[in-house]
Amino acid sequence: MKLKNILIGLGLFMLFHVTQSCIDDRGNYDYMDKEVLLPVTISGFEDTTVVIRSILNIDPVLNNMDDESRYTHLWYAAPSVTAGFAPKRDTLSREKKLSFEVTYESGTYNLVYELRDPKLDIYVRKQVLMTVQSDIASGWYIMKEENGETDIDYIAEDGKKIENLIAASGQQRLKGKPVKMAYQPSRYTPVIENPDGTTTRLTNKKAFHVFSDQDIKIFNADNMDLFYSYEDYFYEVPEKCEPQNCGVISSDFYAINAGKVYSIYGMSSNSGMLGYAKPGMYEVHPDMVMSYYGVMVFDKVTSTFYNTSSSGSSMNLFSEDSDGGISSTNMDVDMIRMLLRKEGNPSTAFAVMKNKNKNERYVFDISYSMSAYPITDIDTIPAHCEMPEAKVMGTSLYASCIYYSKKEVDGDVLKVYKNVKVDNRESELKRFPGEEIAYIVNVTSPYGAPEDETFNHLVVLTNSDSGWKLYRFNVIGQTPEIETEPVVVYSGTGKAGYVMFRS
Numbered sequence: 014m015k016l017k018n019i020l021i022g023l024g025l026f027m028l029f030h031v032t033q034s035c036i037d038d039r040g041n042y043d044y045m046d047k048e049v050l051l052p053v054t055i056s057g058f059e060d061t062t063v064v065i066r067s068i069l070n071i072d073p074v075l076n077n078m079d080d081e082s083r084y085t086h087l088w089y090a091a092p093s094v095t096a097g098f099a100p101k102r103d104t105l106s107r108e109k110k111l112s113f114e115v116t117y118e119s120g121t122y123n124l125v126y127e128l129r130d131p132k133l134d135i136y137v138r139k140q141v142l143m144t145v146q147s148d149i150a151s152g153w154y155i156m157k158e159e160n161g162e163t164d165i166d167y168i169a170e171d172g173k174k175i176e177n178l179i180a181a182s183g184q185q186r187l188k189g190k191p192v193k194m195a196y197q198p199s200r201y202t203p204v205i206e207n208p209d210g211t212t213t214r215l216t217n218k219k220a221f222h223v224f225s226d227q228d229i230k231i232f233n234a235d236n237m238d239l240f241y242s243y244e245d246y247f248y249e250v251p252e253k254c255e256p257q258n259c260g261v262i263s264s265d266f267y268a269i270n271a272g273k274v275y276s277i278y279g280m281s282s283n284s285g286m287l288g289y290a291k292p293g294m295y296e297v298h299p300d301m302v303m304s305y306y307g308v309m310v311f312d313k314v315t316s317t318f319y320n321t322s323s324s325g326s327s328m329n330l331f332s333e334d335s336d337g338g339i340s341s342t343n344m345d346v347d348m349i350r351m352l353l354r355k356e357g358n359p360s361t362a363f364a365v366m367k368n369k370n371k372n373e374r375y376v377f378d379i380s381y382s383m384s385a386y387p388i389t390d391i392d393t394i395p396a397h398c399e400m401p402e403a404k405v406m407g408t409s410l411y412a413s414c415i416y417y418s419k420k421e422v423d424g425d426v427l428k429v430y431k432n433v434k435v436d437n438r439e440s441e442l443k444r445f446p447g448e449e450i451a452y453i454v455n456v457t458s459p460y461g462a463p464e465d466e467t468f469n470h471l472v473v474l475t476n477s478d479s480g481w482k483l484y485r486f487n488v489i490g491q492t493p494e495i496e497t498e499p500v501v502v503y504s505g506t507g508k509a510g511y512v513m514f515r516s
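Residues in the sequence shown are numbered consecutively from 14, following this note's numbering.
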């Protein structure tokens, strides 16, 4: 009897449960296609290419739309290539029409438009590929000062100009006057703080290291986002802020601040920040020569040439000359300028030196590779020559010469000192009435450039009351001579101090 009651109870329970399930079931048997519930189709835009700092406007075409007020809109983008990581979605708009200022890095992104019915919780979407191109790439970067601050004018190879690149990107200019900027084309790995307080190490970024005489800033070379300011660029901020030089070779970076040498070894994991200065009681001259082995500098305290590597922690002496040449340690000369000629393996340079004890000037021919003796030749400069007193100097990539500026009443004169043993070593090349020469550099087209785009130019940067000018002169063969009629002249406002060509 008890068993029978139990079975009846179980049967009633199962009947009640099935009945209740049927009552609560709101759709187990009658399915409708989403296309029937939401028949809207999206068109009016396809895969697109956009330029950084441009405005992307899209007004999607919605077909089979009934009551538009019942729907919500969502635009978002995410990187299409994520190297195995989950893509981070960036919401662009919640309106039907998209108007988006492109600030992404160059690359490819999935651009998605989603139309949703929130009541039914269903949606339709359209995804296209958005290719972002940087509007700053190969071309000329002119560092300039206005009202006590440093900014950059950019001129593309086709002549298009973007003035005040830093300010135009919504960033703060650097305090002070231009010193130098260096372009790092890859392997920069800054650590960025996220809004929630966590940090992310970015990988393989392009970077501009920008130095003024009072400030340092590191920018993303694609979109000018700020990676670091001076205060967070060092593991330990130096007591004295006096940026003097910087440079990139391969993936290594070197800097001089207040006479101390810093480096970043690009082949190891790093934060893109400068570590501690190379130890020692030294104060180096602002000029330096980089090679794939390291960097060569001159200590003003001991009149000694040193070399150090990006991964090393010491300042190293050079080997002595086995043939009895002068020692590069504790020399009786001071450095006037050290001028890079060609960077590589080895790197070559000229060092213009002044004797401490007598009125003599010299040109040291430098070949720098690791710790090998670096001085290949020493030539005494004739006493009547003007070059050692010049404010601005530059070298040739091919000829043994030093270009320099001479100030005259009506404007500066471009001259050349030929580092050969002849009576008449100096000659005039070009006059710049009403202008002051600020920088001289020999620039050639990048390796592998099409024949109709190759060039070998002497670039002269000048200032006047009306602003800066950049002249590009054809160099005649592999001689020190130039064609005095410029190939092209660029101009802008402000007082320029440095020009960099990015290939």
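Glycine is no exception: its CB is placed at the ideal position from the N, C-alpha and C atoms. These figures come from a predicted structure and were not determined experimentally.
Asked: Which residue marks the beginning of the alpha helix (DSSP H) containing Leu178, and which one marks its end?; Found: 178–181
Asked: Can you give, in chain order, each stretch of the beta strand (DSSP E) that sits fully within the segment 330–363 and has at least 3 residues?; Found: 346–355
Asked: Between Pro256, Glu249, Asp164, Pro208, which lies nearest to Gln227 when the distance is taken from Cα to Cα?; Found: Pro256
Asked: Under a Cβ-count criterion, where at least 16 other Cβ atoms within 10 Å of its own Cβ denotes burial, should Met309 be classed as buried or exposed?; Found: buried
Asked: Taking the alpha-carbon positions, what's the Pro203 to Asn236 distance?; Found: 15 Å
Asked: So Leu410 and Ile495 are in contact, right, with Cβ under 8 Å, and what is the actual spacing, rounded?; Found: In fact, because the Cβ distance is near 13 Å, the residues do not count as touching under 8 Å.
Asked: List the DSSP bridge partners of Ser413.; Found: Note: Ser413 sits in no beta bridge, so no partner.
Asked: Name the DSSP bridge partner or partners of Pro292?; Found: In DSSP, Pro292 forms no bridge with anything.
Asked: So who's on the other strand from Ile391, going by DSSP bridges?; Found: Phe377
Asked: If you compare alpha carbons, which of Lys193, Ile71, Val512, Ser304 is closest to Arg485?; Found: Val512
Asked: DSSP three-state label for Asp401, please.; Found: Before going on, a small fix: residue 401 reads as Pro here, not Asp. Looking at Pro401 - three-state DSSP - the assignment turns out to be helix.
Asked: Have a look at His403 and Val456 and give me their C-alpha separation to the nearest angstrom.; Found: It is Ala, not His, that sits at residue 403 in the sequence shown. So the alpha carbons of these two residues sit roughly 21 Å apart.
Asked: Helix, strand or coil, according to DSSP, for Tyr243 in the structure here?; Found: helix
Asked: Exposed or buried, which one is Asp478 when buried takes at least 16 other CB atoms within 10 Å?; Found: exposed
Asked: Rounded to the nearest angstrom, what separates Tyr267 and Gln146 at their Cα positions?; Found: 29 Å
Asked: Can you tell me whether Lys371 is buried or exposed? The criterion is at least 16 other CB atoms within 10 Å of its CB, across all chains shown.; Found: exposed
Asked: Take every Cβ of the segment 319–334, pair it with every Cβ of the segment 290–304, and state whether three or more of those distances are shorter than 8 Å.; Found: yes
Asked: Would you call the CB atoms of Gly285 and Tyr196 closer than 8 Å?; Found: no
Asked: Going by C-alpha distance, which of Asn343, Ser304, Thr408 is nearest Pro359?; Found: Ser304
Asked: Pull the bridge partners of Ala234 from the DSSP assignment, please.; Found: Ala234 is not bridged to any residue.
Asked: In chain order, what are the residue ranges of uninterrupted beta strand (DSSP E) at least 3 long that sit wholly in the segment 484–510?; Found: 501–505
Asked: Smallest Cα separation from Ser516: which of Gly152, Ile339, Thr211, Glu252?; Found: Gly152
Asked: Identify, in the order they occur along the chain, each residue of the same chain with its Cβ nearer than 6 Å to the Cβ of Ser182, setting aside the five sequence neighbours on each side.; Found: Met237
Asked: Could you compute how far the alpha carbon of Ala509 sits from the alpha carbon of Asn177?; Found: 12 Å
Asked: Within 10 Å of its beta-carbon, does Ser326 have 16 or more other beta-carbons around it, so buried, or fewer, so exposed?; Found: exposed
Asked: Express the C-alpha separation of Thr467 and Glu373 in angstroms, rounding to a whole number.; Found: 41 Å
Asked: By a C-beta neighbour count over all protein chains shown, 10 Å radius and 16 as the cutoff for buried, is Pro131 buried or exposed?; Found: exposed
Asked: Please state whether DSSP places Arg83 in a helix, a strand or coil.; Found: helix
Asked: Tell me Val426's beta-bridge partners as DSSP assigns them.; Found: Lys419, Arg444
Asked: Quick check on the DSSP output: the beta strand (DSSP E) that includes Thr54 runs from which residue to which?; Found: 54–56
Asked: Please report the straight-line C-alpha distance between Tyr42 and Arg83, rounded to a whole angstrom.; Found: Reliability fails at Tyr42, whose pLDDT of 41 lies under 50, so the model's placement of it is uncertain and no value is given.
Asked: Can you give me the C-alpha to C-alpha distance between Ile168 and Gly505, rounded to a whole angstrom?; Found: 10 Å
Asked: In this structure, how does DSSP classify Leu75 when only helix, strand and coil are distinguished?; Found: strand
Asked: For Glu439, name the three-state secondary structure that DSSP assigns.; Found: strand
Asked: I'd like to know whether the C-beta atoms of Asp171 and Ile65 end up nearer to each other than 8 Å.; Found: no
Asked: Given a threshold of 16 other Cβ atoms within 10 Å of its Cβ, counted over all protein chains shown, does Glu206 qualify as buried or as exposed?; Found: exposed
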